[in-house]
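Have a look at the structure below, then the notes.
Residue numbers (the numbering used here): 11 to 121.
See below:
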C-alpha cells in the first residue's frame with residue numbers, strides 16, 4: 011500500500027469514527043499526531059538509556075579487571091609482575107591479531 015493510500019484510508023477511518031464534524035476530526039488528528047510524537051520521544055529516550063547501560067557495563071568490566079590486576083599484582087614480585095604484564099599483553103593484543111591474520115591468509119588460499 012502506498013503512503014498516500016494509507017493516509018487516505020486513515021482519514022476515512024477517522025471520519026467514520028467521528029462523523030461529519032470536522033472540528034472533532036481535527037481534534038482526533040491532533041491527538042494522533044501528539045501520540046506519535048510522544049512515542050518517538052519515548053523510543054529515543056529508551057535508546058539513550060540502552061547506550062548508558064552499555065557504557066556502565068563497560069566501565070564495570072574495566073573496574074573489575076583493574077581490581078583483579080591489583081589483587082594479583084599485590085602478591086607478585088616485581089619480576090613476576092613484568093612477566094604477568096607481558097603475558098597479558100600477548101594474550102589481549104598479539105594473539106587476536108595473529109589469529110585474524112591467519113584466518114585472512116587461510117581464506118585467501120581457499121578461494
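Cβ atoms here follow ideal geometry from the backbone N, Cα and C, with glycine treated the same way. Bear in mind that the values here come from a model prediction, so they are computed numbers and not experimental data.
query	result
Could you please give the first and the last residue of the uninterrupted alpha helix (DSSP H) stretch that includes residue 105?	105-120
Give the secondary structure of residue 86 by DSSP, where H, G and I count as helix, E and B as strand, and everything else as coil.	coil
Straight-line CA distance for residue 91 to residue 105?	20 angstroms
With a Cβ-Cβ cutoff of 8 angstroms, do residue 39 and residue 27 count as a contact?	no
How about residue 94 and residue 86: do their beta carbons lie closer than 8 angstroms?	yes
Would you kindly work out how many angstroms separate the C-alpha atoms of residue 119 and residue 109, rounded to a whole number?	15 angstroms
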